[in-house]
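See below for the structure under consideration.
2 protein chains.
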Amino acid sequence: MIDESRNSMLEKYREFVRIPSISASREGVDEAASYLVDLMNSVGLRGEMMRSGGNPVVFGEVSNGSGKTVLIYNHYDVQPVDPAGEWSGDPFSAAVRDGRVYGRGSADNKGTLVARLFGIGEVLERDELEVNLKFLFEGEEEIGSPNLESFASENRQKLAADAVVMEGSQVDAGGRPTVTLGVKGLLYVELEEETGRSDLHSSLAAVTNGAPWNLVHALNTIYDGRRVLVDGFYDGVRPLTGEERRLVEAYPLDPEEMLNSCAVRELRSMKREELSYALLAEPTCNIDGLLSGYTGKGSKTVTPRKAMAKLDFRLVPDQDPARLFGLLEQRLRSVGFGGSISQFGMEYPVRTSAGSWVAKAMIESASESYGCEPVVMINGAGTQPMGIFTRTVGIPEGVSAIGVGDNLSRVHAPDESVDIGRFYQAVDHTARFLRAAGGR
Amino acid sequence: MIDESRNSMLEKYREFVRIPSISASREGVDEAASYLVDLMNSVGLRGEMMRSGGNPVVFGEVSNGSGKTVLIYNHYDVQPVDPAGEWSGDPFSAAVRDGRVYGRGSADNKGTLVARLFGIGEVLERDELEVNLKFLFEGEEEIGSPNLESFASENRQKLAADAVVMEGSQVDAGGRPTVTLGVKGLLYVELEEETGRSDLHSSLAAVTNGAPWNLVHALNTIYDGRRVLVDGFYDGVRPLTGEERRLVEAYPLDPEEMLNSCAVRELRSMKREELSYALLAEPTCNIDGLLSGYTGKGSKTVTPRKAMAKLDFRLVPDQDPARLFGLLEQRLRSVGFGGSISQFGMEYPVRTSAGSWVAKAMIESASESYGCEPVVMINGAGTQPMGIFTRTVGIPEGVSAIGVGDNLSRVHAPDESVDIGRFYQAVDHTARFLRAAGGR
């Protein structure tokens, strides 16, 4: 890359950051989608706007008759700027200070999106593209992608590919890029016990257990602090391969550092490998919220008629959230829980083999671009809608990699920023990945 | 009683109700205390105002050299009128409609207080008083009697008596008066678990259980839905005597009626005697409130750093709330609960023998005044500060009886009212009780 073209990339990136495409308020969303179509056209990709149930999807396609198609997924919307007063400058100025671009969306996810487009442009320009490409850039990721599943389902043919490259990767504190070969799934559940029509004076606890005790006793039957106690919960867990075990054990997790960054009293273990296996290879059962009765200061004696708990389960391949929801219901009914059991969200886990062509191309190109071995995760500890692509569209493989953020990027927080060198590195990584994927 | 004197009693009672002595706002409290002193003087009792840490205590004493002293306890403050819009008229008009006096405080507790004073006046006038009397009328009952314990402790000598007659009794739907021979005690506790300095993304539930799970697991170790699981919790429970068992079994509780009035899905049992024993003779463990993490609509994936539970235990004689708090702490620490354990209130249980002179005099006089056997409860299912008199002052016996309210009185609610016939019956009951207590 010559300096002039690098400067032009940086300017385009900054222009894009200046469009305040906050999906929560719909501000600037259409403008950002239009800008994106123009940007795609400028690098030789034909972008088009498609209707989803909500904000437009920007779609694109380059076909060159290759047997391999890669779908690139990113989002062009951004989080709100709150707390606005805590920014050092205008969140949409895209100001450059000390070699970093500051602005909402600079890291999540506009920088990555733009870097990928320029990387693709570079390969196209040199006529070195030997895979087919498809692009899906959505405008609702920051509000939970409410229309992505239906869009994918209605456009299965159009989105069909051999692998999907998701966003969500960044460079760690040691300067190493990350290649994540999948995601954990999710099952989100709300339990609501309701024992009667009104709260009672607590002297009547003598004759009736209130809703909170029923809820506490029910919760206690589904998780013991280490293991989920629902029959069949672990049945679908796919055993790790030798290579996957090696990757988990090589994962550079520092228990002391994790204890500090979590700022908790204790972790499940202070053994590195135990923590790595838990984080990457084991499902979780978490209480997100509890509410019942009197929660103000001091005392009020009441036997509450209602009690609510929200729970999420992070799932590993090949646990099926729909099946587990059924098993959870069975378990709770079998122990006498009489309240409502509602499902508020399901995502499917994904794990792509480290030996797959897309993983190999991504790992190899990352090590070339960054000059070090990438951190390879068998899947993320969190959840992304990768399952929509693998399950709904039927794309067999998925990875998350190529990202401009680093450990200072403050994603979703004030003063979000990106190191300009990392931006160019992601352009380079994209180009190298495409060449590797094409067999060059 | 001649009609003229009855009318005069009713007018004095209504005048008293018209003074809006709401302790929560301190409105009218001093005026009510002054009115009360004047009223006591008008029936031949010398009332005096005494300072407590808060609203004045009205004290009085009549001594005639008897070997027996009865302390009469009532309160002259009232609840706020909210929801004010739901009253059919002015809450402080003391309007008479259909033979009932309407007004905030008419039943709780001004009617009972005034009826007792007139009953005592009648016995004094006829020179038939053969017990010593003391009076303690407080002005903070409706805000939880925050200064009663210290007042009693500082005035032990002045309050010394052989029995205390508390307020809190009423006539049931069948027209039967109630004589209650004690109260359950109370231990109110708040548990707060705090696992770290900030809430975490719930993917980290893989490496650390959040505060709500720790709390749920701890709660589960103290109560199984029937029995409290704290070692030594039941040690202090005094076995019932044969007479007490008879009284429990004779308690007129209708399981179907209770199920309807509680408006709950189910009661602990539908057997009358089981419910009566639970209500009167067994301690309880109740959750008053639960709070942790995200409690709004929909889903948020968070591992909360804090979780709070409020609990109350209703205790039976001779369980000691201070000792049980220590045992509860031991239990929670032994199962690894690391959060705070705070005590927000303790009251001691009381049970006076049905064969004691005060109980016998009360039961006998009630049956004369009302023309039927009273309902005799070995102790109430709820809590009153009777323990302050029995334990702090050292009065050996206590009962709750003589009250003007009935099942239509709507205590603490809009349109609180008292049947005028029940008011005169309470005057008569007071007089008969004093004669019976004096051995006439």
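The listed protein sequences correspond, in order, to chains A and B. Numbering-wise, this note's numbering puts 100 at position 100 of the first sequence, and it's gapless, one number per residue. Numbering-wise, this note's numbering puts 666 at position 226 of the second sequence, and it's gapless, one number per residue. For glycine and all other residues, C-beta sits at the position ideal for the given N, C-alpha and C.
Along chain A, which residues have their Cβ under 7 Å away from the Cβ of residue i?
i, result
"Thr635(B)", "Val264, Arg265"
"Ile459(B)", "Neighbours of Ile459(B) on chain A: none; closest Cβ ~28 Å, over 7 Å."
"Val522(B)", "With the sequence shown as reference, residue 522(B) is identified as Asp, and Val is not the correct amino acid for it. Within chain A, no residue comes near Asp522(B); the closest Cβ sits about 16 Å away, beyond 7 Å."
"Ala821(B)", "Ser203, Ala206"
"Pro652(B)", "Ile287, Leu290"
"Gly845(B)", "Those do not exist, as Gly845(B) stays about 16 Å from chain A at its closest Cβ, beyond 7 Å."
"Ser638(B)", "Ala263"
"Arg708(B)", "Val207, Thr208"
Taking the alpha carbon of residue i as the point to measure from, which residue in the options has its own alpha carbon closest?
i, options, result
"His201(A)", "Phe456(B), Asp548(B), Gly729(B)", "Gly729(B)"
"Ala806(B)", "Ser849(B), Lys750(B), Arg872(B), Trp797(B)", "Arg872(B)"
"Leu693(B)", "Arg705(B), Ser709(B), Leu644(B)", "Ser709(B)"
"Asp231(A)", "Leu240(A), Arg238(A), Thr221(A), Pro239(A)", "Thr221(A)"
"Glu364(A)", "Glu138(A), Gln79(A), Pro177(A), Val164(A)", "Pro177(A)"
"Asn700(B)", "Ser66(A), Gly236(A), Ser198(A)", "Ser198(A)"
"Val756(B)", "Leu621(B), Gly779(B), Val629(B), Ala866(B)", "Leu621(B)"
"Leu450(B)", "Glu837(B), Asp470(B), Val790(B), Gly539(B)", "Gly539(B)"
"Ser66(A)", "Asp162(A), Gly210(A), Leu408(A)", "Asp162(A)"
"Lys300(A)", "Gly733(B), Asp470(B), Ala749(B), Ser739(B)", "Ala749(B)"
"Ser732(B)", "Gly650(B), Tyr788(B), Ala646(B), Asp664(B)", "Gly650(B)"
"Val883(B)", "Leu191(A), Leu215(A), Asp312(A), Arg226(A)", "In the structure as shown, chain B begins at 441 and stops at 880. Residue 883(B) is therefore absent and cannot be evaluated."
"Gly845(B)", "Ile835(B), Glu856(B), Gly838(B)", "Glu856(B)"
What is the rounded straight-line gap between the Cα of residue i and the Cα of residue j?
i, j, result
"Glu249(A)", "Asn379(A)", "13 Å"
"Gly500(B)", "Phe575(B)", "5 Å"
"Gly28(A)", "Pro91(A)", "14 Å"
"Met166(A)", "Ser334(A)", "40 Å"
"Ala821(B)", "Gly326(A)", "42 Å"
"Gly608(B)", "Ser840(B)", "6 Å"
"Ile420(A)", "Arg435(A)", "23 Å"
"Thr792(B)", "Val228(A)", "51 Å"
"Ala95(A)", "Glu15(A)", "11 Å"
"Gln824(B)", "Leu627(B)", "13 Å"
"Ile781(B)", "Ser203(A)", "22 Å"
"Arg246(A)", "Ser23(A)", "40 Å"
"Leu599(B)", "His657(B)", "46 Å"
"Thr295(A)", "Tyr516(B)", "30 Å"
"Thr195(A)", "Asn726(B)", "14 Å"
"Gly614(B)", "Arg862(B)", "13 Å"
"Cys372(A)", "Gln770(B)", "54 Å"
For residue i, is the classification buried or exposed, using 16 other Cβ atoms within 10 angstroms of its Cβ as the cut-off for buried?
i, result
"Gln597(B)", "exposed"
"Met377(A)", "buried"
"Asp127(A)", "exposed"
"Asp38(A)", "exposed"
"Arg97(A)", "exposed"
"Lys271(A)", "exposed"
"Ala84(A)", "exposed"
"His852(B)", "exposed"
"Arg238(A)", "exposed"
Throw me the rounded Cβ distance for the residue i and residue j pair, which I believe falls under 8 Å.
i, j, result
"Tyr453(B)", "Gly529(B)", "The pair is not a contact, with the Cβ atoms about 17 Å apart (cut-off 8 Å)."
"Val70(A)", "Leu133(A)", "6 Å"
"Asn495(B)", "Glu580(B)", "5 Å"
"Thr832(B)", "Glu589(B)", "6 Å"
Note down, in chain order, every chain B residue with its Cβ under 8 Å from the Cβ of residue i.
i, result
"Gly338(A)", "Arg705"
"Thr392(A)", "Those do not exist, as Thr392(A) stays about 20 Å from chain B at its closest Cβ, beyond 8 Å."
"Tyr188(A)", "Ser739, Thr741"
In chain B, which residues lie less than 7 Å from residue i when you measure between Cβ atoms?
i, result
"His217(A)", "Asn660, Gly665"
"Val529(A)", "Absent from the model: residue 529(A). The displayed extent of chain A is 1 to 440, so no value can be given."
"Thr180(A)", "Going along chain B, no residue has its Cβ under 7 Å from Thr180(A), so there is no contact; the nearest lies around 12 Å."
"Lys306(A)", "Residues of chain B passing the Cβ test: none, with the nearest at roughly 10 Å."
Please list the partners that residue i has in chain A, where partner means a Cβ-to-Cβ separation under 8 Å.
i, result
"Glu698(B)", "One detail in the question is off: residue 698(B) reads as Met in this sequence, not Glu. Here the neighbours are Val207."
"Phe784(B)", "Gly298, Ser299"
"Gly733(B)", "Ile287, Asp288, Gly289, Leu290, Lys310"
Against residue i, what residues of chain A qualify as contacts under a CB-to-CB distance less than 9 Å, listed in chain order?
i, result
"Glu722(B)", "Ala206"
"Leu715(B)", "Ala206, Val207"
"Arg754(B)", "Ser202, Ser203, Ala205, Ala206, Thr301"
"Ala718(B)", "Ala206, Val207"
"Arg771(B)", "Ordered by position in chain A, no residue passes the 9 Å Cβ test against Arg771(B), which lies about 16 Å from the chain."
Measuring only between beta-carbons, confirm whether residue i sits less than 8 Å from chain C.
i, result
"Gly493(B)", "Reference to chain C is not applicable here, since the protein chains of this structure are A and B."
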